[in-house]
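Structure first, commentary second.
Number of protein chains: 2
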Amino acid sequence: MPQQSPLDVPEGDPFGPHNLPYGVFSTAADDRRRVGVRIGGFVLDAGAAAAALGSPFAGLLGQASLNPLLGAGHTAWRDVRRALTAWVTDPGHRPAVEPHLVPLDEVTLHLPYEVADYVDFYASEHHATNVGKMFRPDGDALTPNWKHLPIGYHGRSGTIVVSGTDVVRPSGQRKAPTDPAPVFGPSVKLDIEAEVGFVVGTPSQLGRPVALGDFEEHVFGLFLLNDWSARDIQAWEYVPLGPFLGKSFATSVSAWVTPLEALDAARVAPPARDFPLQPYLDDSDFDRPGGFDLRITVSINGQEVAQPPFATMYWTAAQQLAHMTVNGASLRTGDVFGSGTVSGPEVGQRGSLLELTWNGRDAIELTDGKRTFLEDGDTVTLTAWAPGPDGTRVGLGEVTGRIVGSR
Amino acid sequence: MPQQSPLDVPEGDPFGPHNLPYGVFSTAADDRRRVGVRIGGFVLDAGAAAAALGSPFAGLLGQASLNPLLGAGHTAWRDVRRALTAWVTDPGHRPAVEPHLVPLDEVTLHLPYEVADYVDFYASEHHATNVGKMFRPDGDALTPNWKHLPIGYHGRSGTIVVSGTDVVRPSGQRKAPTDPAPVFGPSVKLDIEAEVGFVVGTPSQLGRPVALGDFEEHVFGLFLLNDWSARDIQAWEYVPLGPFLGKSFATSVSAWVTPLEALDAARVAPPARDFPLQPYLDDSDFDRPGGFDLRITVSINGQEVAQPPFATMYWTAAQQLAHMTVNGASLRTGDVFGSGTVSGPEVGQRGSLLELTWNGRDAIELTDGKRTFLEDGDTVTLTAWAPGPDGTRVGLGEVTGRIVGSR
Numbered sequence: 001m002p003q004q005s006p007l008d009v010p011e012g013d014p015f016g017p018h019n020l021p022y023g024v025f026s027t028a029a030d031d032r033r034r035v036g037v038r039i040g041g042f043v044l045d046a047g048a049a050a051a052a053l054g055s056p057f058a059g060l061l062g063q064a065s066l067n068p069l070l071g072a073g074h075t076a077w078r079d080v081r082r083a084l085t086a087w088v089t090d091p092g093h094r095p096a097v098e099p100h101l102v103p104l105d106e107v108t109l110h111l112p113y114e115v116a117d118y119v120d121f122y123a124s125e126h127h128a129t130n131v132g133k134m135f136r137p138d139g140d141a142l143t144p145n146w147k148h149l150p151i152g153y154h155g156r157s158g159t160i161v162v163s164g165t166d167v168v169r170p171s172g173q174r175k176a177p178t179d180p181a182p183v184f185g186p187s188v189k190l191d192i193e194a195e196v197g198f199v200v201g202t203p204s205q206l207g208r209p210v211a212l213g214d215f216e217e218h219v220f221g222l223f224l225l226n227d228w229s230a231r232d233i234q235a236w237e238y239v240p241l242g243p244f245l246g247k248s249f250a251t252s253v254s255a256w257v258t259p260l261e262a263l264d265a266a267r268v269a270p271p272a273r274d275f276p277l278q279p280y281l282d283d284s285d286f287d288r289p290g291g292f293d294l295r296i297t298v299s300i301n302g303q304e305v306a307q308p309p310f311a312t313m314y315w316t317a318a319q320q321l322a323h324m325t326v327n328g329a330s331l332r333t334g335d336v337f338g339s340g341t342v343s344g345p346e347v348g349q350r351g352s353l354l355e356l357t358w359n360g361r362d363a364i365e366l367t368d369g370k371r372t373f374l375e376d377g378d379t380v381t382l383t384a385w386a387p388g389p390d391g392t393r394v395g396l397g398e399v400t401g402r403i404v405g406s407r
Numbered sequence: 001m002p003q004q005s006p007l008d009v010p011e012g013d014p015f016g017p018h019n020l021p022y023g024v025f026s027t028a029a030d031d032r033r034r035v036g037v038r039i040g041g042f043v044l045d046a047g048a049a050a051a052a053l054g055s056p057f058a059g060l061l062g063q064a065s066l067n068p069l070l071g072a073g074h075t076a077w078r079d080v081r082r083a084l085t086a087w088v089t090d091p092g093h094r095p096a097v098e099p100h101l102v103p104l105d106e107v108t109l110h111l112p113y114e115v116a117d118y119v120d121f122y123a124s125e126h127h128a129t130n131v132g133k134m135f136r137p138d139g140d141a142l143t144p145n146w147k148h149l150p151i152g153y154h155g156r157s158g159t160i161v162v163s164g165t166d167v168v169r170p171s172g173q174r175k176a177p178t179d180p181a182p183v184f185g186p187s188v189k190l191d192i193e194a195e196v197g198f199v200v201g202t203p204s205q206l207g208r209p210v211a212l213g214d215f216e217e218h219v220f221g222l223f224l225l226n227d228w229s230a231r232d233i234q235a236w237e238y239v240p241l242g243p244f245l246g247k248s249f250a251t252s253v254s255a256w257v258t259p260l261e262a263l264d265a266a267r268v269a270p271p272a273r274d275f276p277l278q279p280y281l282d283d284s285d286f287d288r289p290g291g292f293d294l295r296i297t298v299s300i301n302g303q304e305v306a307q308p309p310f311a312t313m314y315w316t317a318a319q320q321l322a323h324m325t326v327n328g329a330s331l332r333t334g335d336v337f338g339s340g341t342v343s344g345p346e347v348g349q350r351g352s353l354l355e356l357t358w359n360g361r362d363a364i365e366l367t368d369g370k371r372t373f374l375e376d377g378d379t380v381t382l383t384a385w386a387p388g389p390d391g392t393r394v395g396l397g398e399v400t401g402r403i404v405g406s407r
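Quick look at the structure:
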């Protein structure tokens with residue numbers, strides 16, 4: 001019986017040749033950072049394989065970051081993906097490809113791109129409604145602008161970290177309504193936000209908006225994102241200019257970027273719109289639906305606490321991109337934008353502890369005790385999958401991080 | 001009579017050897033970007049001069065951006081400045097230095113650093129009070145947090161442009177209280193914000209706050225910054241997550257960065273504090289005062305409209321840096337932070353048209369007509385100077401930009 005090849009990925013594996021997400025890895029034996037493509041339980045050293053095969057993409061793939069590939073544009077993304085698909089599926093390529101496969105448990109994964117600007121949106125109606133009820137109990141849950149434009153703000157690019165990086169509990173000022181003056185100390189309401197992130201490849205010119213229909217020209221792929229949030233710091237600081245230190249201490253992203261092309265079968269229509277949209281946001285006559293059916297799971301210390309459905313998001317990533325640039329703001333390769341917390345209509349679909357515990361009122365039960373917000377030592381993991389072609393699943397990998405005590 | 005040297009800078013010139021700001025330039029004859037140091041009406045090609053003199057700083061200065069110098073740290077900044085001072089003042093160096101001087105009107109000036117993250121603060125009590133009165137007339141002008149922490153938010157790094165870059169009037173959604181629904185179109189309330197920017201040189205570690213007393217270790221210098229603002233877009237979008245498209249279309253910065261060392265004589269104490277500060281913000285026992293006495297002038301089409309005094313800012317740049325990192329957020333070389341609009345107590349000291357015209361109610365008179373907000377074709381210029389040693393003035397140069405119509 002012939003030895004099985006690592007390229008014989010078992011049927012049903014969410015990292016089969018229909019997926020092929022990109023990352024950046026190194027190994028103990030070779031600490032150079034280099035582009036890797038995940039296939040089954042292995043990572044293909046894509047630049048080395050391209051060189052061995054005499055591929056014209058050896059230059060784009062033989063890099064320490066995904067940015068050169070991201071900047072190469074939509075046609076290159078398609079052609080590189082076609083080549084990779086052939087390398088991992090065509091038996092004739094196996095002798096050249098197999099030597100460049102590294103078992104997943106032997107690699108160290110790095111932040112796969114250099115982040116330019118980072119924008120975070122607020123696109124789940126269920127999340128925004130829950131937060132509005134808690135933080136502004138005397139007014140309407142949604143602000144008057146919410147269904148007219150995708151609310152967003154800029155976050156801190158320099159503290160985006162790759163999955164697996166420990167998160168130091170932030171300190172800061174907080175002031176409960178009953179406190180006579182603010183107090184300083186480690187956050188006592190450290191939370192998560194389960195989100196999906198998108199990374200821009202093709203830049204745009206200053207002064208030139210990007211049209212809704214040009215989304216696939218500019219955006220390379222998506223990944224899971226945990227927008228760690230210190231609710232007590234955020235509540236005291238955020239009026240009038242928005243979240244700042246309550247968010248800027250860390251944002252964790254997956255090590256793997258799934259190209260949009262792998263998610264064609266996951267496209268779904270967003271929810272019905274309650275108001276007519278400005279033309280630059282109106283996707284009602286688009287053939288390709290703007291939503292993605294991504295099924296997210298949130299776990300704390302290995303125990304599932306929520307299953308947020310990305311398909312319920314009110315604003316699509318294409319609408320977010322069109323909005324972000326409608327004032328003429330330019331895009332750069334490596335720009336990242338987050339969807340905002342993904343929360344569905346059901347209690348078990350909420351993507352933050354703020355919502356799951358109703359701001360600490362209703363503790364959730366874990367096998368190791370109750371939780372309102374995160375404790376030191378807690379590990380939070382987001383995973384997700386999407387429907388792929390022919391009944392397959394496209395795995396989005398995971399984003400994980402452990403809380404360590406304030407220094 | 002011997003020919004006068006360009007290095008014989010006239011007495012009283014705000015760009016004498018006591019100043020020596022850094023920039024990046026090219027010329028028609030040589031389009032390589034390179035580090036320049038302004039002296040009088042000339043720009044010294046610093047890398048070329050260093051090479052001609054056999055200086056060990058030829059590597060740091062022979063670059064297309066200031067980032068390598070910024071990243072070299074406080075001791076290097078001091079030593080490079082000492083060397084430059086000797087080159088432009090010691091007659092023995094003239095034969096080697098003079099060939100590397102280019103008249104200012106022959107250079108093109110570029111964005112002098114690669115911006116990492118951009119944070120904008122809100123540190124003028126007069127500005128925040130004026131804005132609060134206009135936007136929240138039914139509440140207190142200052143939010144309860146304002147005197148306890150320097151309010152700030154992240155802006156868009158990728159749309160920071162160098163002085164002289166045209167600014168395209170942004171389009172976006174706006175909704176007057178009387179409008180039944182939002183409308184879309186070019187901003188009709190395009191404004192300026194006269195600010196001072198600071199650029200970080202020395203990075204810091206994730207999870208490690210930067211102490212108030214370490215400001216000079218991390219911050220290289222300062223410059224003028226115009227935070228262009230579309231007030232109508234901002235008013236409709238900014239609740240609850242802060243300014244986004246009302247700001248992100250462009251932020252203009254001076255081409256020259258003045259090193260903090262040139263501003264020792266401009267240090268002044270900030271205003272008396274109305275509340276006790278948390279220890280990480282408390283500068284009351286610091287020997288060196290945290291404020292800077294910078295005298296700013298705002299002009300539209302060459303006509304002065306305001307003279308905002310930076311010495312009146314409530315929060316110092318050192319407090320802003322300490323606050324920005326107290327949650328463990330790390331700094332990168334090239335991080336920029338803006339002071340927020342500089343407005344003094346007098347009407348003629350207000351750093352925005354929003355305040356100067358009281359949100360359009362009181363037009364200001366220019367020789368070419370009345371203004372409430374900016375019209376297409378208007379050119380806005382900020383200039384400033386600071387007291388230097390021995391009665392000199394330290395010129396901060398200018399930041400200028402012209403409004404061009406929406407595309």
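Residue numbers (full-length UniProt numbering), protein chains in the order written: chain A, 1 to 407; chain B, 1 to 407.
Beta carbons are placed, not taken as given, at the ideal position from N, Cα and C, and that holds for glycine.
These figures come from a predicted structure and were not determined experimentally.
(request) Just list the alpha helix (DSSP H) runs in the segment 4-75 of chain A, keeping only unbroken ones of 4 residues or longer that don't cross its boundaries, in chain order. (result) 46-52, 58-61, 67-71
(request) With 7 Å as the limit, tell me which residues of the segment 135-159 of chain A have their beta carbon closer than that to any beta carbon of chain B; keep them in chain order. (result) Thr143, Asn145, His148, Leu149, Ile151, Gly152, Tyr153, His154, Gly155, Arg156, Ser157, Gly158, Thr159
(message) Check for me: the alpha helix (DSSP H) holding asparagine 130 of chain A runs from which residue to which?
(response) Boundaries of the alpha helix (DSSP H) harbouring asparagine 130 of chain A: 125-135, taken from the DSSP string.
(message) If I follow the unbroken alpha helix (DSSP H) through isoleucine 160 of chain A, where does it start and stop?
(response) Element bounds for isoleucine 160 of chain A: not the alpha helix (DSSP H) but the beta strand (DSSP E), 160-162.
(request) Using a cut-off of 8 Å between C-beta atoms, extract the partners of glutamate 375 of chain A located in chain B. (result) Near glutamate 375 of chain A there are no residues of chain B at all, since even the closest Cβ is about 18 Å away, more than 8 Å.
(message) So that I know if they touch, is there some Cβ in chain A lying closer than 8 Å to that of phenylalanine 215 of chain B?
(response) no
(message) Cβ closer than 9 Å: which chain B residues qualify as neighbours of tyrosine 122 of chain A?
(response) Pro240, Leu241
(request) Could you name the residues of the segment 313-337 of chain B whose beta carbon sits closer than 8 Å to any beta carbon of chain A, in the order they occur along the chain? (result) His323, Met324, Val326, Asn327, Gly328, Ala329, Ser330, Leu331, Arg332, Asp335
(message) According to DSSP, simplified to helix, strand and coil, what is glutamate 346 of chain B?
(response) It is coil, neither helix nor strand.
(request) Would you mind reading off the limits of the alpha helix (DSSP H) that contains phenylalanine 249 of chain B? (result) Element bounds for phenylalanine 249 of chain B: n/a, residue is neither H nor E.
(request) With DSSP as the reference, label tyrosine 280 of chain B as helix, strand or coil. (result) Residue state, collapsed to three classes: helix.
(message) DSSP three-state label for alanine 265 of chain B, please.
(response) helix
(request) Note down, in chain order, every chain A residue with its Cβ under 7 Å from the Cβ of aspartate 31 of chain B. (result) The contacting residues do not exist; aspartate 31 of chain B stays about 21 Å from chain A at best.
(request) Would you list the one or two residues that DSSP bridges to proline 259 of chain A? (result) Per DSSP, A:Gly221.
(message) Could you compute how far the alpha carbon of leucine 354 of chain A sits from the alpha carbon of glycine 132 of chain A?
(response) 12 Å
(request) Could you name the residues that DSSP lists as bridge partners for residue 409 of chain B? (result) For chain B, the structure presents residues 1 to 407; residue 409 of chain B sits outside this window and is missing.
(message) Strictly under 8 Å for the Cβ-Cβ distance: is glycine 197 of chain A near chain B by that measure?
(response) no
(request) Give me the Cα-Cα distance between glutamate 45 of chain B and isoleucine 233 of chain B, rounded to the nearest whole angstrom. (result) It should be pointed out that residue 45 of chain B corresponds to aspartate in this sequence rather than to glutamate. Straight through space, the alpha carbons of isoleucine 233 of chain B and aspartate 45 of chain B are spaced by roughly 43 Å.
(request) Could you tell me the distance, in whole angstroms, from the CA atom of isoleucine 151 of chain B to the CA atom of glycine 340 of chain B? (result) 9 Å
(request) Find the residues of chain B that neighbour residue 409 of chain A, judging by a C-beta separation of less than 7 Å, and give them in chain order. (result) This structure gives no information on residue 409 of chain A, because the portion of chain A shown stretches from 1 to 407.
(message) So phenylalanine 292 of chain B and glutamine 320 of chain B are supposed to be a Cβ contact under 8 Å. How far apart are they, rounded?
(response) No, phenylalanine 292 of chain B and glutamine 320 of chain B are not in contact; Cβ-Cβ is about 12 Å, not under 8 Å.
(message) Which residues does DSSP list as the beta-bridge partners of aspartate 120 of chain B?
(response) B:Tyr153, B:Gly338
(message) Going by beta-carbon coordinates alone, are histidine 323 of chain A and leucine 281 of chain A separated by less than 8 Å?
(response) At the C-beta level, histidine 323 of chain A and leucine 281 of chain A come within 8 Å of one another.
(request) Return the chain-ordered list of same chain residues with a C-beta closer than 8 Å to the C-beta of arginine 34 of chain B, the five sequence neighbours on each side being excluded. (result) Once the five neighbours on either side are set aside, the close Cβ partners of arginine 34 of chain B are Val24, Phe25, Ser26, Asp45, Ala46, Gly47, Ala48, Gly62, Gln63, Ala64.
(request) List the endpoints of the continuous alpha helix (DSSP H) containing threonine 392 of chain B. (result) Note, threonine 392 of chain B: premise wrong, no alpha helix (DSSP H); not H, not E.
(message) Between methionine 1 of chain B and chain A, is any beta-carbon pair separated by less than 8 Å?
(response) Residue confidence for methionine 1 of chain B is low, a pLDDT of 48 falling below 50, so the modelled location carries little weight; the figure read from the coordinates is stated next. It does not: the Cβ of methionine 1 of chain B has no partner Cβ on chain A nearer than 8 Å.
(message) Between which residues of its own chain and alanine 52 of chain A is the CB-CB distance below 6 Å, once the five residues before and five after are set aside?
(response) Ala96
(message) Here's the rule: buried if 16 or more other CB atoms are within 10 angstroms of the residue's CB, otherwise exposed. What is alanine 329 of chain B?
(response) Buried.
(message) Tell me the rounded alpha-carbon separation between glutamate 193 of chain B and aspartate 227 of chain B.
(response) 5 Å
(request) With a cut-off of 8 Å on the beta carbons, I'd call serine 157 of chain B and aspartate 117 of chain A a contact; round off their distance for me. (result) 6 Å
(request) Measuring alpha carbon to alpha carbon, tell me which of B:Gln173, B:His154, B:Val9, B:Gly246 ends up nearest proline 279 of chain A. (result) Residue B:Gln173 is the option with its Cα nearest to proline 279 of chain A.
(message) On a Cα-Cα basis, can you pick out the residue from B:Leu245, B:Ala255, B:His93 that is closest to arginine 231 of chain B?
(response) Of the candidates B:Leu245, B:Ala255, B:His93, the residue whose Cα lies closest to the Cα of arginine 231 of chain B is B:Leu245.
(message) Let me confirm a value: arginine 38 of chain A is counted as buried when at least 16 other C-beta atoms fall within 10 Å, else exposed. Which label applies?
(response) buried
(request) Can you tell me which of A:Thr129, A:Trp236, A:Val380 puts its alpha carbon nearest to the alpha carbon of threonine 178 of chain A? (result) A:Trp236
(request) Work out the CA separation of valine 399 of chain A and alanine 309 of chain B for me, nearest whole Å. (result) In the sequence under discussion, the amino acid at residue 309 of chain B is proline, which differs from the alanine named in the question. When rounded, the distance between both Cα atoms is 48 Å.
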